[in-house]
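Here is the structure we will look at.
There are 2 protein chains.
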Amino acid sequence: MADSKIENVIGALALAFADTLQRDAQAKAPEPGPAASAITLIGHVPGLSIERLRRALSLSHSGTVRLVDRLVADGLAARFSAPDDHRAVALRLTPLGETTCSAILSARQTGLASALAVLSSEELQEFGKLAAKLLRGLVSTEDHAYRICRLCNYSACLDCPVEAELA
Amino acid sequence: MADSKIENVIGALALAFADTLQRDAQAKAPEPGPAASAITLIGHVPGLSIERLRRALSLSHSGTVRLVDRLVADGLAARFSAPDDHRAVALRLTPLGETTCSAILSARQTGLASALAVLSSEELQEFGKLAAKLLRGLVSTEDHAYRICRLCNYSACLDCPVEAELA
DNA sequence: TGATGTATATGCTCCAAGCATATATTTTTT
DNA sequence: AAAAAATATATGCTTGGAGCATATACATCA
Numbered sequence: 001m002a003d004s005k006i007e008n009v010i011g012a013l014a015l016a017f018a019d020t021l022q023r024d025a026q027a028k029a030p031e032p033g034p035a036a037s038a039i040t041l042i043g044h045v046p047g048l049s050i051e052r053l054r055r056a057l058s059l060s061h062s063g064t065v066r067l068v069d070r071l072v073a074d075g076l077a078a079r080f081s082a083p084d085d086h087r088a089v090a091l092r093l094t095p096l097g098e099t100t101c102s103a104i105l106s107a108r109q110t111g112l113a114s115a116l117a118v119l120s121s122e123e124l125q126e127f128g129k130l131a132a133k134l135l136r137g138l139v140s141t142e143d144h145a146y147r148i149c150r151l152c153n154y155s156a157c158l159d160c161p162v163e164a165e166l167a
Numbered sequence: 168m169a170d171s172k173i174e175n176v177i178g179a180l181a182l183a184f185a186d187t188l189q190r191d192a193q194a195k196a197p198e199p200g201p202a203a204s205a206i207t208l209i210g211h212v213p214g215l216s217i218e219r220l221r222r223a224l225s226l227s228h229s230g231t232v233r234l235v236d237r238l239v240a241d242g243l244a245a246r247f248s249a250p251d252d253h254r255a256v257a258l259r260l261t262p263l264g265e266t267t268c269s270a271i272l273s274a275r276q277t278g279l280a281s282a283l284a285v286l287s288s289e290e291l292q293e294f295g296k297l298a299a300k301l302l303r304g305l306v307s308t309e310d311h312a313y314r315i316c317r318l319c320n321y322s323a324c325l326d327c328p329v330e331a332e333l334a
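Chains as they are written, first to last, in the working numbering: chain A, 1 to 167; chain B, 168 to 334.
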């Protein structure tokens, strides 16, 4: 029973953090829903294909195509043909898209940092260590890794535990 | 920069946990989206009004009314008139709704427990302690508390940090 | 070369979500 | 006490994102 309570607390915290994250990110995105994640994913993996994006976002194929259509119409992303596979599309951010991506990531960062501010430096280190251990236990496939990291600021994530687990 | 990395890890973990939670919960609900949370909230607060439910789910008013319509049509919930305020609706689960609610909560519990299984007992205690501290720092209003706890198993949550923070 | 599999695109339909508005009840103001 | 404002719910209307089915192009394998 004591364990159930811990699970409640951890689950509630995860929901609350995820709510904040998504709210902050979506506020800087052109539309609600998966657009913010799509932008940061393309930003991190220039040349990403629609199919990989689809799997990272857990969306249907047509839904992903339409989402990309809208990002392109908004001037945030562009389609190129992939050099290695002529069926595939290589997605890239436009300069405006890069700006939006940065705005999303820094909004996310700010919200997260303020939520974590109640912890002391030692507590934060300890919490992060345990979080990394949990994260390593969760990663399964590479697609799943993209999904988990869909709102991460990769430039700040040297030595990422998700990458470490995949390798 | 090291701090940014910790925030990445914690944010990614929160997203991953929230994904799992919502997936497990929605799998037992009659429809995707906020239905699972609505069922567990009504289960925990019998007599809940549509307006309070609306705020907990962060939905529009008409959206909430329609959601309740569907739950009623599915035989999971029922509308009664609130004894103290004759404008308001008092929502309650039917026996079938109670069954569904239990299924949602135990699916959520199972998924969460397996994700936490990589931690030792001491690590889990430590992680839970820090999570509770973070959670207390996040709670603002009573509506927000309902939102945070929207998928909690209240029967297992004696001494809830959210309640403690509100009081 | 032919057959199967994979990546993308698009017409179609559906349905959840929001807006505007209407009604009933409660609370506040005059 | 009557009038005005606020609150709770309900519903017609529209929109737009999401999935299904299908079509096309390219790739891979037999």
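Beta carbons: idealized from backbone N, C-alpha and C, even for Gly. Since we're looking at a predicted model, the values are computed, not measured.
- Item | Residue range of the unbroken alpha helix (DSSP H) whose run includes Ala244(B) | Indexing the second sequence from 1 puts residue 244(B) at position 77. That residue, Ala244(B), is in no alpha helix (DSSP H); its beta strand (DSSP E) goes 244 to 248.
- Helix, strand or coil for Ala335(B) per DSSP? Outside the displayed range of chain B (168 to 334) lies residue 335(B), so it cannot be described from this structure.
- Met1(A) versus Ala185(B) - alpha carbon distance: As a first step, residue 1(A) must be located in the first sequence, where it is residue number 1. As a first step, residue 185(B) must be located in the second sequence, where it is residue number 18. At Met1(A), the pLDDT of 49 sits below 50, so the modelled position is not reliable; the number obtained from the coordinates is stated separately. Those two C-alpha atoms are separated by around 22 Å.
- Item | Coil, strand or helix - Val162(A) by DSSP | The count along the first sequence starts at 1 and reaches residue 162(A) at position 162. Reduced to three states, the DSSP call for Val162(A) is helix.
- Okay, do the region 284 to 291 of chain B and the region 127 to 139 of chain A touch, 3+ Cβ pairs below 8 Å being the bar? yes
- If you draw a straight line from the alpha carbon of Ser273(B) to that of Glu123(A), how long is it in whole angstroms? As a first step, residue 273(B) is located in the second sequence; it is residue number 106 there, counting from the start. As a first step, residue 123(A) is located in the first sequence; it is residue number 123 there, counting from the start. Rounded to the nearest angstrom, the two C-alpha atoms are 31 Å apart.
- Residue ranges of each beta strand (DSSP E) run of no fewer than 3 residues wholly in the region 255 to 321 of chain B, ordered along the chain? 256 to 260
- Verify whether the separation of the beta carbon atoms of Leu91(A) and Ala77(A) is less than 8 Å. On the first sequence, residue 91(A) is found 91 positions in, with the first residue counted as 1. On the first sequence, residue 77(A) is found 77 positions in, with the first residue counted as 1. Going by C-beta atoms, Leu91(A) is nearer than 8 Å to Ala77(A).
- Validate contact between the region 146 to 161 of chain A and the region 225 to 241 of chain B using beta carbons, cut 8 Å, 3 pairs: no
- Query: Using the C-alpha atoms, what's the distance from Arg222(B) back to Ser140(A)?
  - Reply: Counting from one through the first sequence, the residue named residue 140(A) turns up at place 140. Counting from one through the second sequence, the residue named residue 222(B) turns up at place 55. Distance between the alpha carbons of Ser140(A) and Arg222(B) is about 36 Å.
- Query: Do we get a CB-CB distance below 8 Å when we pair Ile50(A) with the residues of chain B?
  - Reply: Position 50 of the first sequence, counted from the first residue, corresponds to residue 50(A). Output row for Ile50(A): interface = no.
- Any Cβ of chain B within less than 8 Å of the Cβ of Pro161(A)? Residue 161(A) sits at position 161 when you count from the first residue of the first sequence. Chain B contact via Cβ: present.
- Query: When we look at the beta-carbon of Leu96(A) and count the other beta-carbons within 10 Å, is it buried (16 or more) or exposed?
  - Reply: Residue 96(A) sits at position 96 when you count from the first residue of the first sequence. Leu96(A) comes out exposed.
- For Ile271(B), does the count of other Cβ atoms within 10 angstroms reach 16, so buried, or fall short, so exposed? Locating residue 271(B) in the second sequence gives position 104, where the first residue counts as 1. Result: buried.
- Item | Burial state of Ser204(B) (16 or more Cβ within 10 Å) | What you label residue 204(B) is simply residue 37 of the second sequence in a count that begins at 1. Buried, because 16 or more other Cβ atoms sit within 10 Å of the Cβ of Ser204(B).
- Query: Ordered along the chain, which non-local residues of its own chain (more than five positions away) have a Cβ less than 8 Å from that of Arg246(B)?
  - Reply: The residue given as residue 246(B) occupies position 79 in the second sequence. Result list for Arg246(B): Val235, Val239, Val256, Ala257, Leu258, in chain order.
- In chain A, which residues lie less than 8 Å from Gln276(B) when you measure between Cβ atoms? What you label residue 276(B) is simply residue 109 of the second sequence in a count that begins at 1. Ser4, Glu7, listed in chain order.
- Item | Contact set for Arg147(A): own chain, Cβ-Cβ below 8 Å, skip 5 residues either direction | The residue labelled residue 147(A) in the question sits at position 147 within the first sequence. Contacts found: Arg55, Ala56, Leu57, Ser58.
- Query: Mind checking if Val118(A) is an interface residue toward chain B, Cβ cutoff 8 Å exclusive?
  - Reply: Position 118 of the first sequence holds residue 118(A). For Val118(A), the answer is yes, since a Cβ of chain B falls inside 8 Å of its Cβ.
- Message: At a CB distance below 8 Å, what residues from the region 286 to 299 of chain B approach chain A? Give them in sequence order.
- Response: Leu286, Glu290, Leu291, Gln292, Glu293, Phe294, Gly295, Leu297, Ala298, Ala299
- Beta-carbon proximity list for Gln276(B), same chain, < 7 Å, skipping 5 on both sides: Here residue 276(B) refers to the residue found at position 109 when the second sequence is read from its first residue. Asn320, listed in sequence order.
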